[in-house]
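Taking it in order: structure first as structure tokens, then the write-up.
Number of protein chains: 2
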Amino acid sequence: MDYSSDAYVHRIARYYRRIRHLNQFGAVRVSSDELADYMNISPSQVRTDLSKLGVGQSGYGYKISALSEELEKLLGIDKINEMILIGVGKLGQALLAYPGFYRYGFRFRAAFDINPSLQGKTFGYLQEPIQSASELPRFLAKNKIPIAVLAVDPESVQPIVDILVDGNIEAIWNFASNYPDVPEDVVLENVRILESLLKLSYQLEDDNESFQKGEKET
Amino acid sequence: MDYSSDAYVHRIARYYRRIRHLNQFGAVRVSSDELADYMNISPSQVRTDLSKLGVGQSGYGYKISALSEELEKLLGIDKINEMILIGVGKLGQALLAYPGFYRYGFRFRAAFDINPSLQGKTFGYLQEPIQSASELPRFLAKNKIPIAVLAVDPESVQPIVDILVDGNIEAIWNFASNYPDVPEDVVLENVRILESLLKLSYQLEDDNESFQKGEKET
């Protein structure tokens, strides 16, 4: 594992969210000190990260509009990204209703579930009515969708991933607690909810106090 | 930010999940090479991490039962951890129904929502019927619960966090997309769902391919 580059992407995502927030409040420029302070990292780390983007800092800081544009390109959100959802239980329904994805250019084009009572319904920002999970291979053959979001039971993760991979999906965003195997050319991002809770309980332990301070916002 | 120790806790959580998995399949010992391979890190990193635990590796690898016990202590899950949930929308209901938390000793003792139609109901593993959010200060004054789970709208995050902090909560696990301010002695763990999706879309960009390989599972 080369942790540094994973950490880099993580920081890039956070710079972008911060820049967007500042932009909404009408800010025009931001300094590396301000960004560093917000993210609890060093100003030199900020300058190194952002210099890779080719966005220079003058004595007055970074121009927010230019930084925002470069970060959007880097993050691949300078365009609409279509997604499909597999599993429309409560978690799936919550994801369909979340406005944040929509605001960042992500669209739920279609959703699939094995439960017949859900088929034909829509929720939140979903663009087409929910289809039977058995339609998935046919749908993938006809439509080029880059991202599949998985909100299914642990047992179903690998079988569905195999169908998605056969259907040439490019990326899988997995909310289930077990992590599937994918070929090297498929991007897999696991949302590690349980590990997040374990991190929290680790920090709660008195013995681990030395790790606690300043470690909350990373 | 000292990223290394955040990464350390992350690795500890992953060792534990792997050990538990191996244990369920009846394994008795595991080598640092096997753990390293699974986690895509170096065997020497595994040995360094686990030596801090005081669990030695013989020529036959680590004893899974001993490793499991030490990791549970370190992660604070060698006991029952009570939680309260604020916000019982779809995401909140999904969290209440998730068996993983229960299996790791986390219990949803009580849940709170502003929606009167939810009050008195129960979902999943919730131990007491849902209460009005206005009951929260009184509940906190009477009950010592270490962890609050937040699944509320972004606007409500900071006001609820302020109530929780006044009520001496020790840790906040936040699923909302904005991150509240907490005093230094309160543990805050944000589940960064949107940032996880941005990481995925970053990896989808062809230009970023060099970051992609071997970076999926970190």
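Line by line, the protein sequences give chains L and V. The first sequence begins at 1 in this note's numbering and counts up by one. The second sequence begins at 1 in this note's numbering and counts up by one. Every residue, glycine too, gets a C-beta built ideally from N, C-alpha and C. Keep in mind that this is a model prediction, so the values were computed, not measured.
Secondary structure note for isoleucine 80 of chain V: it is in no alpha helix (DSSP H), with a DSSP letter that is neither H nor E. Sorting L:Leu197, L:Ser44, L:Gly87 by C-alpha distance to the C-alpha of alanine 176 of chain L places L:Gly87 at the top.
Valine 187 of chain V is bridged by DSSP to V:Ala171. Neighbourhood of glycine 167 of chain L in chain V, by CB distance below 9 Å: empty, with the nearest CB roughly 16 Å away. Beta-bridge analysis with DSSP links alanine 148 of chain V to V:Ile84, V:Ile172. According to the DSSP secondary-structure assignment, lysine 63 of chain V is paired through a beta bridge with V:Arg29. In this structure, L:Gln119 is the residue among L:Gln119, L:Leu140, L:Tyr125 with its C-alpha nearest to the C-alpha of serine 132 of chain L. Under the Cβ criterion of 9 Å, asparagine 23 of chain V is not counted among the residues facing chain L. Around the beta carbon of isoleucine 80 of chain L, fewer than 16 other beta carbons sit within 10 angstroms, so the residue counts as exposed. Residues are counted here when their Cβ sits less than 9 Å from a Cβ of chain L; for the region 188–203 of chain V these are Leu188, Glu189, Asn190, Val191, Arg192, Ile193, Leu194, Glu195, Ser196, Leu197, Leu198, Lys199, Leu200, Ser201, Tyr202, Gln203, given in chain order. Here valine 182 of chain L is buried: its Cβ has 16 or more other Cβ atoms, across all protein chains shown, within 10 Å. The count of Cβ pairs closer than 8 Å, one atom from the region 68–85 of chain L and one from the region 189–204 of chain V, reaches three, so the stretches are in contact. With contact defined as three or more Cβ pairs closer than 8 Å, the region 160–176 of chain V and the region 28–41 of chain L are not in contact. Legend: CB atoms of the region 113–137 of chain L lying less than 8 Å from CB atoms of chain V are not found in any residue.
For alanine 141 of chain V, the number of other beta carbons within 10 angstroms of its own is below 16, and it is reported as exposed. Contact of serine 44 of chain L with chain V is not assigned, every C-beta pair being separated by 9 Å or more.
The three-state secondary structure of glutamine 57 of chain V, taken from DSSP, is coil. Look at arginine 192 of chain L here: in three-state DSSP terms it is coil, with no helix or strand label. Phenylalanine 139 of chain V and glutamate 128 of chain V have their alpha carbons spaced roughly 12 Å apart.
Within the same chain, Gly61 come within 7 Å of serine 31 of chain L by CB-CB distance, once the 5 residues on both sides are set aside.
For glutamate 170 of chain L, a Cβ of chain V is located within less than 9 Å of the residue's own Cβ. The Cβ neighbour count for proline 154 of chain V, taken over all protein chains shown within 10 Å, is under 16; the residue is labelled exposed. The C-alpha of aspartate 33 of chain L is placed about 12 Å away from the C-alpha of glycine 59 of chain L.
Our two residues, tyrosine 16 of chain L and histidine 10 of chain L, have alpha carbons roughly 10 Å apart in a direct line. Taking 9 Å as the cut-off between beta carbons, the residues of the region 41–73 of chain L near chain V are Ile41, Ser42, Gln45, Lys73, in sequence order. In the DSSP assignment, alanine 110 of chain V falls within the beta strand (DSSP E) that extends over 106–113. Membership of phenylalanine 139 of chain V in the alpha helix (DSSP H) is indicated by the continuous run 136–142. Contact check between the region 93–107 of chain L and the region 89–101 of chain V: three or more CB pairs, one atom from each, fall below 8 Å, which counts as touching. Against lysine 90 of chain L, the close residues of chain V are Lys90, Leu91, Gln93, Ala94, Ala97, in the order they occur along the chain (beta-carbon pairs closer than 8 Å). Annotation for valine 55 of chain L: Tyr62, Ala66, Leu67, Glu70 place their beta carbon closer than 7 Å to its own, counting only its chain and skipping 5 residues before and after. Its chain contains Asp49 as the residues whose beta carbon lies nearer than 8 Å to that of tyrosine 8 of chain L, once the 5 sequence neighbours on both sides are disregarded; these appear in chain order. The three-state reading of DSSP puts glutamine 24 of chain V in helix, counting H, G and I together. Counting only the Cα atoms, isoleucine 84 of chain L lies some 6 Å from valine 149 of chain L.
Taking a Cβ-Cβ cut-off of 9 Å, the neighbours of proline 146 of chain V in chain L comprise Ser201, Leu204, given in sequence order. With fewer than 16 other Cβ atoms inside 10 Å of its own Cβ, alanine 27 of chain V counts as exposed.
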